[in-house]
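A short worksheet on the structure shown next.
In the working numbering, the protein residues as written are 11 to 171.
Shown next, in the form of structure tokens:
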């Protein structure tokens with residue numbers, strides 16, 4: 011637990027959250043690029059399938075060789091679909107984790123601000139009046155509670171799926 015008297019003690023936590031958020035965003039961008047590549051591969055397989063069917067009718071190849079080529083195309087398509095499902099699962103989990111981390115980051119940032127305001131309260135003649143500080147503390151506590159409730163709801167909905 012961070013030291014309540016030293017607001018800077020939470021900064022490493024925020025930096026770690028920021029780093030993880032950045033990594034998740036990079037992962038999601040990579041997943042998006044790979045999904046686009048899979049869509050292209052899917053189209054290519056469908057085109058090859060259609061051309062092979064036409065080739066079996068008008069070409070001079072044996073039916074066995076065309077069937078073998080169609081089986082190869084089908085196998086590639088099945089691999090593409092399996093990879094697509096795996097990427098979908100990764101995307102779903104990464105998006106859920108990203109949402110949770112963003113909520114957590116908001117909570118942590120609000121806690122840091124709250125600690126700073128509470129420290130200002132102890133200092134004589136701050137820039138804010140005691141009433142302004144109290145109002146801001148109440149606002150931050152409300153923000154922390156609401157964000158915590160959203161995080162809990164996010165976790166509950168993740169467990170249901």
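Glycine included, each C-beta is placed from N, C-alpha and C at the ideal position. None of the values given here were measured: they were computed from a predicted structure.
Can you list, in chain order, the residues of its chain with a C-beta nearer than 6 Å to that of residue i? Leave out the 5 residues immediately preceding and following it.
i	result
residue 154	117, 120
residue 59	83
residue 101	41
residue 51	90
Could you give the distance in angstroms between the alpha-carbon of residue i and the alpha-carbon of residue j?
i	j	result
residue 63	residue 76	8 Å
residue 84	residue 71	19 Å
residue 94	residue 43	12 Å
residue 15	residue 108	Here the model assigns residue 15 a pLDDT of 45, short of 50, so the residue's position is not dependable, and the following value carries that caveat. Answer to the nearest angstrom: the Cα atoms are 30 Å apart.
residue 31	residue 87	33 Å
residue 39	residue 132	46 Å
residue 91	residue 156	40 Å
residue 161	residue 112	9 Å
residue 65	residue 74	12 Å
residue 79	residue 55	11 Å
Where do the ends of the alpha helix (DSSP H) carrying residue i lie?
i	result
residue 158	140 to 170
residue 91	73 to 132
residue 50	21 to 68
Any idea if residue i is buried or exposed, counting beta-carbon neighbours within 10 angstroms, 16 or more meaning buried?
i	result
residue 34	buried
residue 144	exposed
residue 124	buried
residue 150	buried
Compute the distance between the beta-carbons of residue i and residue j, then report whether it is under 8 Å.
i	j	result
residue 27	residue 168	no
residue 104	residue 37	yes
residue 147	residue 128	yes
residue 158	residue 110	no
residue 45	residue 97	yes
To which residues of the same chain is residue i closer than 8 Å at the C-beta, ignoring the five residues directly before and after it?
i	result
residue 11	Confidence at residue 11 is low in this model, with a pLDDT of 40, below 50, so the placement of that residue should be treated as unreliable; the coordinate-derived value is given next. For residue 11, where only same-chain residues beyond five positions count, there are no Cβ hits under 8 Å.
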